[in-house]
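Residue numbers (the numbering used here): 6 to 624. Below is one structure, written out as structure tokens, with a few remarks after it.
This is the structure we're talking about:
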């Protein structure tokens, strides 16, 4: 089969399957969603109706408790206020309170007074059947010695639903006394109440007394497909179903769901047809022109040469695609070999240049060492002469103080020269126990002699145990390199802060450690930080600063070997170096060295113990 026919068949089948599946999924999802929304709306409206009826029962209960907890009602039960019942439960008052029937019982449950409001309206005694029902419901109220029990329930009589509330009669001044009787009030849930419910709920509502089978169906469809009936079950005080409030809900969501499902199916079908036509046209044009495109691209690559990043376009999984991929791999390998040759030549040129620079630096070091040695001899002679002059003069002679001041200056110069000689001396690495804090102070004094231009050097030694096993010469070289780099980053003006502290690895409160630090064994480490106030290191340079010959300085100021040497020294000392920098906030280099396990007795490099803080300003 030709590629053109293969493309037509593949696109046609794919579009048909996708369109059919999309139509089915969209219809099913939309109809299911709207059905669930309709059921949820039915539950919400039923719950609203149930709560509205419960609010009426609560209002009736509040009215009953107001009258039952009244002293006049208690006196009426005792026979002291004979006119209390007729005054408070007359025709107008019962109509105003929405009461259908009222019954007053004595402490043993015998009727004291009763009244029933007729439709005329007029009052008549309560029927014996209703009276007996209320007396049986009042038993829990009369048997509660605390007078706190209140009965709230629904009662069915034939096709009528009644709201019933019964409370204990007691004195308002004796809330915890035994019941003096009971007051029962009944409200008939009639057509007027149903009309009010319909107005409040904004749905037609009717009362229904279902059978046991109908109770199990809270939602049912009527013969009219546009109406859904939702029933709110009404339970009495014993949890038994008494009646149902049936709400007639319009199925607007059902109609909207079907309309939306049809519209979605139509849109998916149209979109599938359009996409299918477009894909067939595009693939047809691409297949017919593939051979011409491969030929044209190969000619362009041959004309431009390997220096231009050109490759063949690859599409499909047939023989032409395999051929194009093979040619692309061949071109990439050829370019890679040529690039490696160029890089090797560039590295060789850089190494030759660095060798010449290193030879110059070594010659300058020997020259400086010789001058320092001769200068040291002169200082020894000057020191001796000043000491002899001091011995020849009396202690109160005017020149004695000047000579002593000169002697102190000579001794200070002698110390600086010895430090310079020690630093410039070339020797093989010698690992020894030394105090890193003392080495930091000694090196800081050395670099402050003129290597820092107008920078301010602040040293803060916080480590209590600062013993390490290290080569003092190499460590001095590391510190000097970092301090000079920090000063150069600030263009010779600013503050360079050196901090020595202790830290346990892996860190407990710093989250994920940097890659170089994470490779260190767990244990106690000294952390030497060198912080500057410069512009910081650009994010694109952070991953390259430790590469040999990489530098951001001018050609006459940097070689790109300082930080690689520092990293090599730290690796040789079983430590690591970490850099933290944000653009505009300076850079901080942290050196990690393992703390020596045992402090040597009388050996190693000495120095002041404990914490110290001092500032050196060089101008």
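All residues carry an ideal CB built from backbone N, CA and C; glycine is no exception.
- The bridge partners DSSP lists for residue 492 come to none.
- Counting every other CB atom within 10 Å of its CB across the protein chains shown gives residue 575 a total of 16 or more, marking it as buried.
- The secondary-structure analysis by DSSP pairs residue 253 across a beta bridge with 234.
- A Cβ-Cβ separation of about 6 Å places residue 471 in contact with residue 531 under the 8 Å criterion.
- The residue from 496, 186, 453, 36 with its alpha-carbon nearest to that of residue 559 is 496.
- Annotation: residue 22 to residue 590 spans about 59 Å, alpha carbon to alpha carbon.
- Around the beta carbon of residue 89, 16 or more other beta carbons sit within 10 angstroms, so the residue counts as buried.
- Contact check for residue 192 against residue 251 fails: the beta carbons are separated by 7 Å or more.
- The region 33 to 120 contains, as complete alpha helix (DSSP H) runs of 4+ residues, the segments 76 to 83, 89 to 93, 96 to 102 (chain order).
- Straight through space, the alpha carbons of residue 521 and residue 572 are spaced by roughly 10 Å.
- Judged by their CB atoms, residue 181 and residue 104 are not nearer to each other than the 7 Å cut-off.
- DSSP places residue 507 inside the beta strand (DSSP E), whose first and last residues are 498 to 510.
- Residue pairing for residue 171: DSSP places it in a beta bridge opposite 156, 189.
- Distances from the alpha-carbon of residue 526 to those of 468, 598, 477 put 598 closest.
- Distance from the CA of residue 336 to the CA of residue 354, rounded to the nearest whole angstrom, comes to 27 Å.
- A check of alpha carbon separations from residue 24 across 308, 278, 507 identifies 278 as the nearest.
- If you draw a 10 Å sphere on the C-beta of residue 480, you find 16 or more other C-beta atoms in it, and that means buried.
- Pairing residue 463 with residue 387, the inter-Cα distance amounts to about 33 Å.
- With distances taken between CA atoms, residue 263 lies nearest to 39 out of 96, 108, 39, 159.
- Residue pairing for residue 151: DSSP places it in no beta bridge.
- Sequence-distant Cβ neighbours of residue 595 in its own chain, meaning closer than 6 Å and more than five residues away, are 532, 534, 583.
- When DSSP assignments are scanned along the region 548 to 594, the uninterrupted stretches of beta strand (DSSP E) that are 3 or more residues long and fall wholly within it turn out to be 581 to 586.
- Of the other Cβ atoms in all chains shown, 16 or more fall within 10 Å of the Cβ of residue 202; this residue is therefore buried.
- Sixteen is the threshold: when 16 or more other Cβ atoms of the shown chains lie within 10 Å of the Cβ of residue 185, as they do, the residue is buried.
- Separation of residue 338 and residue 305 (C-alpha to C-alpha, rounded to the nearest whole angstrom) is 18 Å.
- Taking a contact to require three or more Cβ pairs closer than 8 Å, the region 156 to 165 and the region 78 to 98 do not qualify as touching.
- For the 7 Å CB-CB criterion, residue 319 and residue 308 do not form a contact.
- Taking the Cβ atoms as the reference, residue 273 lies roughly 17 Å from residue 16, outside the contact range of under 8 Å.
- For residue 543, there is no enclosing alpha helix (DSSP H), as DSSP gives it neither H nor E.
- Taken through DSSP and simplified to helix, strand or coil, residue 599 comes out as strand.
- Per DSSP, the unbroken alpha helix (DSSP H) holding residue 522 starts and ends at 520 to 523.
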